[in-house]
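Participant:
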Amino acid sequence: MGLLLAVCIVGGLFPRPFDETSAAPDHLTLPGIAGTSGPTQPRLPAIPDLFASRGLDLLLGLVGGIALLRLLSCWIPAWAPLPTGRVESWVARLPGDMVATRNALNQALGAAHMTIHRLVDTEQGTLAAARRTGVARLLPGLFYLGLLVLLGAGVWARHASWSGPQQILLLGEKRTLHDDRDVTIRLDEIELRPERDGHGIASAVGRVTLSQPDRGDRRLAIGLTRPARADGLDLYMVGIGPAVRIIARNAAGERLYLLPPGEPLPEEPPAPKAPIRVPLTGSTQEQLLAAPQGGIILRLLYYRPQNTPNASDDGILVQVLHGTDGRILDERQLAGNARFHVEGVTLDITPEYYVALRVEHEPEIPLAALGASLMLIGLGAGIVWPPRAAWLVLHDDGDSTVCRLAVPHHEASAAWARTVKALLDEEAERGSS
91 MGLLLAVCIV GGLFPRPFDE TSAAPDHLTL PGIAGTSGPT QPRLPAIPDL FASRGLDLLL
151 GLVGGIALLR LLSCWIPAWA PLPTGRVESW VARLPGDMVA TRNALNQALG AAHMTIHRLV
211 DTEQGTLAAA RRTGVARLLP GLFYLGLLVL LGAGVWARHA SWSGPQQILL LGEKRTLHDD
271 RDVTIRLDEI ELRPERDGHG IASAVGRVTL SQPDRGDRRL AIGLTRPARA DGLDLYMVGI
331 GPAVRIIARN AAGERLYLLP PGEPLPEEPP APKAPIRVPL TGSTQEQLLA APQGGIILRL
391 LYYRPQNTPN ASDDGILVQV LHGTDGRILD ERQLAGNARF HVEGVTLDIT PEYYVALRVE
451 HEPEIPLAAL GASLMLIGLG AGIVWPPRAA WLVLHDDGDS TVCRLAVPHH EASAAWARTV
511 KALLDEEAER GSS
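Under this note's numbering, the first residue of the sequence shown carries the number 91, and numbering increases by one thereafter.
(1) For the region 249-257 against the region 441-452, are there 3 or more C-beta pairs whose distance is under 8 Å?
(2) With DSSP collapsed to three states, give me the class of T191.
(3) So what's E213 in DSSP terms, helix, strand or just coil?
(4) If you count every other CB in all the chains shown that lies within 10 Å of the CB of I473, and 16 or more means buried, which is it?
(5) Closest to I467 by C-alpha separation, out of P230, R283, A333 and T191, would be which residue?
(6) Could you please give me the residues that DSSP links to V181 through a beta bridge?
(7) Sort out for me which residues DSSP pairs R176 with in a bridge.
(8) If the criterion is Cβ atoms closer than 8 Å, does the pair L407 and L391 meet it?
(9) Can you give me the Cβ contacts of L120 inside the same chain, cut-off strictly under 8 Å, excluding the 5 residues immediately before and after it?
(10) Based on the DSSP output, what are the partners of V449 in its beta bridges?
(11) Is the beta carbon of Y443 closer than 8 Å to that of I312?
(12) Going by C-alpha to C-alpha distance, which of E517, R520, S503 and P498 sits closest to R221?
(13) Tell me which residue opens and which closes the beta strand (DSSP E) that P369 is part of.
(14) Any chance the region 295-302 sits against the region 408-418, with 3 or more Cβ pairs inside 8 Å?
(15) Where A364 and E452 are concerned, what is the direct C-alpha to C-alpha distance, given to the nearest angstrom?
(16) Where does I123 fall in DSSP's three states?
(17) Run through DSSP, which three-state label would R478 get?
(18) How should Q375 be labelled, buried or exposed, when 16 other C-beta atoms within 10 angstroms of its C-beta is the threshold for buried?
(19) With 16 as the cutoff for other CB atoms within 10 Å, does E517 come out buried or exposed?
(20) In the DSSP output, what is Q409 paired with across the bridge?
(21) Is E501 helix, strand or coil when you go by DSSP?
(22) Closer than 8 Å by C-beta to G175: which residues in its own chain qualify, once you throw out the five before and the five after it? Chain order, please.
(23) Roughly how many angstroms lie between the CA atoms of A380 and G426, to the nearest whole one?
(24) With a 10 Å radius around its C-beta and 16 neighbouring C-beta atoms as the bar for buried, classify P356 as buried or exposed.
(25) Rounding to the nearest angstrom, what Cα-Cα distance links L484 and G244 in this structure?
(26) Does DSSP classify R221 as helix, strand or coil?
(27) Provide the residue span of the beta strand (DSSP E) that contains H431, from first to last.
(28) For G343, name the three-state secondary structure that DSSP assigns.
(29) So, at 6 Å on beta carbons, what are the nonlocal neighbours of W506 in its own chain, with the 5 sequence-adjacent residues on each side left out?
(30) Which same chain residues, not among the five before or five after A512, have their C-beta less than 8 Å away from its C-beta?
(31) If I measure Cβ to Cβ from D321 and keep anything under 6 Å in the same chain, skipping five residues before and after, which residues do I get?
(32) Rounded to a whole number of angstroms, what is the C-alpha to C-alpha distance between F233 and L161?
(33) V144 lies in the alpha helix (DSSP H); which residues open and close that run?
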């Protein structure tokens, strides 16, 4: 178990080998209130994926087998352990036959809340093992039962759990959270609470609609420090960042298309009805959008200094460029809602935010929680009632029985061992008199 703990710690501290093909965007970080859209965080050196190695599987199997044997040893009286280390022993001659001796032994051991659980007859005499009785013997075994449940939860997780990729979600946008499962989510609203000084974001809550074909729609609230759970799915908000909403109109008030530069207009394009929303991610980000019908190019430059802690301090520079020669027609730092009138085109630009979400299906969590609870109960019981064992060798010697009692060396001076020895000595003196 110590080796397993060390492997888990090492595997948790050092990340798995980084896969560039499945990498999430660099603006996504671990949950936190500040700095969720800043520069890429440095990565620790990667080591082989310990959690997917055969070595760990063998180690888990070994730990599970040992835990099962320990559990059976705790709960099956006949599986009393044999001494494995130094023992202290003493001899007492008890009056009567083997039956009377056993009764005397049970009385002496009963004072220490112990009883004889195993008797083996040999040519040299009768060998016996004594252990605790009742819940004092059974409850510590819950530690090993909980460990088995926890290992079982880990096996179940490998076959039943899954995690979707991190997704950037803009207001009103609907996305599929996992390619292999028909689970979609739509961002309906973002609630932001600023810091007391007005700079930065103290908390953020996104209100979303989760859709599954067989379960309908559900409205949920997700925060940076408050995940949501619904229909066996765990939803996490792993970051927030700035975005802009853009509406382009011509002089007649008709909406214009905004497309990546060089992309042609669709044949007989209908007038766009929804505004364009653009997320601005990373520490520096440039977005170019062209309005072919208006002959302009919109350049959005997002820059965030390294020492800026919160997304509300981000700077967004808006430039309107001529569609032919690229000269700057208008330039402005976006501090709020802005309107540009250039070359007969009106641009309404509104700052917004995006959220980064991730969904996980972890059906093993309740089982793992049960296993951890059982381990804590068993650990507490083991502290209150530590293991207690004694071994006896009984030899019939006519009208008396010679009894050799052995206890672990470190328990020889314990109160229970002294009590048992005193009661047996008292019984031996009574027989000799």
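Using N, Cα and C, we set each Cβ at its ideal position, and we do this for glycine too.
Facilitator: According to the structure data:
(1) With the cut-off at 8 Å, the region 249-257 and the region 441-452 touch.
(2) In the structure shown, T191 falls within a helical segment according to DSSP collapsed to helix, strand and coil.
(3) Here E213 sits in coil by DSSP.
(4) That one is exposed.
(5) The shortest Cα separation from I467 among P230, R283, A333 and T191 belongs to P230.
(6) DSSP lists R494 as the bridge partner or partners of V181.
(7) Under DSSP, R176 shares a beta bridge with no residue.
(8) A contact, by the Cβ cut-off of 8 Å.
(9) In this prediction, L120 has a pLDDT of 27, which is less than 50 and means its spatial position is unreliable; what the coordinates show is noted afterwards. Counting only residues of its own chain and dropping the five nearest sequence neighbours on each side, L120 has a CB closer than 8 Å to the CB of V328.
(10) According to DSSP, V449 bridges with L325.
(11) Contact check for I312 against Y443 fails: the beta carbons are separated by 8 Å or more.
(12) The closest CA to that of R221, considering only E517, R520, S503 and P498, is found on P498.
(13) Here the beta strand (DSSP E) through P369 covers I366 to P369.
(14) By the C-beta criterion, the region 295-302 is judged not to be in contact with the region 408-418, since fewer than 3 inter-stretch pairs fall below 8 Å.
(15) When rounded, the distance between both Cα atoms is 37 Å.
(16) For I123, the pLDDT reaches just 32, beneath the cut-off of 50, and the residue's location in the model is therefore unreliable, leaving the point undetermined.
(17) Three-state result, R478: coil.
(18) The residue is buried, with at least 16 neighbouring Cβ atoms inside 10 Å.
(19) Classification of E517: buried, given that the 10 Å Cβ count is 16 or more.
(20) The secondary-structure analysis by DSSP pairs Q409 across a beta bridge with R389 and E421.
(21) E501: helix per DSSP, three-state reduction.
(22) The beta carbon of G175 sits closer than 8 Å to those of P498 and H499, all from its chain and outside the five residues before and after it, given in chain order.
(23) Distance between the alpha carbons of A380 and G426: 22 Å.
(24) With fewer than 16 other Cβ atoms within 10 Å, it is exposed.
(25) So the alpha carbons of these two residues sit roughly 47 Å apart.
(26) It is a strand residue.
(27) That run of the beta strand (DSSP E) goes A428 to V432.
(28) Residue state, collapsed to three classes: coil.
(29) Here the set comprises A202.
(30) Nothing meets the Cβ criterion.
(31) R305, listed in sequence order.
(32) Cα to Cα, the separation comes out at about 8 Å.
(33) The sequence given here has Arg at residue 144, not Val. It spans R144 to W165 - the alpha helix (DSSP H) in which R144 sits, taken as one unbroken run.
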